[in-house]
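Protein chains in written order, with the numbering used here: chain A, 3 to 190; chain B, 14 to 82.
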């Protein structure tokens, strides 16, 4: 009887801490989700005024101020990874909202984890096309013969592909967990 | 479902309310309602035993098999 009460109290404490942690994480991802589109807008608007150290993340070196067309093209290309990141952040916000409500093995949880897995897989393919497109956009102003089309393969992107596949497998296991939970709820 | 639960019939015969039975056997009214409406997927022996004890009946009085047409 006493151990039963202790277990119940432990479960209550743990679910309360899960509720708090989930709420904090949901707010965090919500703030990042809202702020995420601002970064490329500000970056590509003020790219010519930024210090050189902030322009090192590209496959090509930026030595001269970019023309407005290159800026617009660069911004458009940067929307590809941004869209994927935003879908991922939205799924994370939804997932933590469900955890906050105490839904751990729900149908929607499975859908969120599946979306996250797909996001990681799409990220791999997005990066495959992002590098050639951004290198084209940034070297468009260069004279003929100096325009570049770079195809790059990064190990980190392969990791995202593998993680995506693992998350899809976890989503399948979660689906089984959800079905078991549904069955268990109907055992009286 | 071809196994029918005659819990509501037994409750009427014993003139007992669902909420009272739920309290006596230690399950929620919602779970008892799931059982009464035939939405339950399974019933524990301990629950069945408890219902039989408090309604003073046999499992056969509660469960009835009918051939599905």
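In this text, a Cβ means the ideal position worked out from N, Cα and C, and glycines have one as well.
Using DSSP with H/G/I as helix, E/B as strand and the rest coil, what is residue i?
{"i": "residue 40 (chain B)", "result": "coil"}
{"i": "residue 76 (chain B)", "result": "strand"}
{"i": "residue 69 (chain A)", "result": "coil"}
{"i": "residue 115 (chain A)", "result": "helix"}
{"i": "residue 190 (chain A)", "result": "coil"}
{"i": "residue 171 (chain A)", "result": "helix"}
{"i": "residue 89 (chain A)", "result": "helix"}
{"i": "residue 55 (chain B)", "result": "strand"}
{"i": "residue 106 (chain A)", "result": "coil"}
{"i": "residue 18 (chain B)", "result": "strand"}
{"i": "residue 179 (chain A)", "result": "helix"}
{"i": "residue 28 (chain A)", "result": "helix"}
{"i": "residue 51 (chain A)", "result": "helix"}
{"i": "residue 69 (chain B)", "result": "coil"}
{"i": "residue 150 (chain A)", "result": "coil"}
Taking the alpha carbon of residue i as the reference point, which residue from the options has its own alpha carbon closest?
{"i": "residue 70 (chain A)", "options": "A:47, A:52, A:92", "result": "A:47"}
{"i": "residue 138 (chain A)", "options": "A:15, A:68, A:39, A:16", "result": "A:68"}
{"i": "residue 80 (chain A)", "options": "A:144, A:66, A:123, A:130", "result": "A:130"}
{"i": "residue 5 (chain B)", "options": "B:72, B:27, B:28", "result": "No statement about residue 5 (chain B) is possible, as the shown extent of chain B runs from 14 to 82 and does not include it."}
{"i": "residue 63 (chain A)", "options": "A:190, A:107, A:150, A:186", "result": "A:150"}
{"i": "residue 41 (chain A)", "options": "A:77, A:20, A:26, A:66", "result": "A:77"}
{"i": "residue 1 (chain A)", "options": "A:182, A:158, A:161, A:100", "result": "Chain A is shown only over 3 to 190; residue 1 (chain A) falls outside these bounds and no answer can be derived."}
{"i": "residue 72 (chain A)", "options": "A:88, A:98, A:36, A:140", "result": "A:140"}
{"i": "residue 126 (chain A)", "options": "A:18, A:185, A:83", "result": "A:83"}
{"i": "residue 110 (chain A)", "options": "A:187, A:180, A:136, A:155", "result": "A:180"}
Going by other Cβ atoms of all chains shown within 10 Å of its Cβ, with 16 needed for buried, is residue i buried or exposed?
{"i": "residue 29 (chain A)", "result": "exposed"}
{"i": "residue 56 (chain A)", "result": "exposed"}
{"i": "residue 3 (chain A)", "result": "Because residue 3 (chain A) sits at a pLDDT of 49, beneath the cut-off of 50, its placement in the model cannot be relied upon, and the point is left open."}
{"i": "residue 33 (chain A)", "result": "exposed"}
{"i": "residue 104 (chain A)", "result": "exposed"}
{"i": "residue 78 (chain B)", "result": "exposed"}
{"i": "residue 48 (chain B)", "result": "buried"}
{"i": "residue 31 (chain A)", "result": "buried"}
{"i": "residue 53 (chain B)", "result": "buried"}
{"i": "residue 148 (chain A)", "result": "exposed"}
{"i": "residue 112 (chain A)", "result": "buried"}
{"i": "residue 15 (chain A)", "result": "exposed"}
{"i": "residue 23 (chain A)", "result": "exposed"}
{"i": "residue 52 (chain A)", "result": "exposed"}
{"i": "residue 98 (chain A)", "result": "buried"}
{"i": "residue 157 (chain A)", "result": "exposed"}
{"i": "residue 45 (chain B)", "result": "buried"}
{"i": "residue 8 (chain B)", "result": "Beyond the ends of chain B as shown, which are 14 and 82, falls residue 8 (chain B); an answer cannot be given."}
Taking C-beta pairs closer than 7 angstroms, name the residues in chain A that residue i reaches, listed in chain order.
{"i": "residue 44 (chain B)", "result": "190"}
{"i": "residue 52 (chain B)", "result": "188"}
{"i": "residue 17 (chain B)", "result": "Within chain A, no residue comes near residue 17 (chain B); the closest Cβ sits about 15 angstroms away, beyond 7 angstroms."}
So which residues on chain A does residue i lean against when the C-beta distance must stay under 9 angstroms?
{"i": "residue 56 (chain B)", "result": "189, 190"}
{"i": "residue 34 (chain B)", "result": "Neighbours of residue 34 (chain B) on chain A: none; closest Cβ ~12 angstroms, over 9 angstroms."}
{"i": "residue 24 (chain B)", "result": "Chain A residues near residue 24 (chain B): none, gap ~15 angstroms exceeds 9 angstroms."}
{"i": "residue 48 (chain B)", "result": "190"}
Can you pull the chain A residues whose beta carbon is under 8 angstroms from the beta carbon of residue i, in chain order?
{"i": "residue 60 (chain B)", "result": "190"}
* Pairing CB atoms from the stretch 157-177 of chain A with CB atoms from the stretch 114-123 of chain A, are three or more of them under 8 angstroms? -> yes
* Can you find at least 3 beta carbon pairs, one from the stretch 57-67 of chain A and one from the stretch 91-109 of chain A, that sit closer than 8 angstroms? -> no
* Asked: At a cut of 8 angstroms, does the stretch 22-35 of chain B reach the stretch 156-168 of chain A through at least three beta carbon pairs?
  -> no
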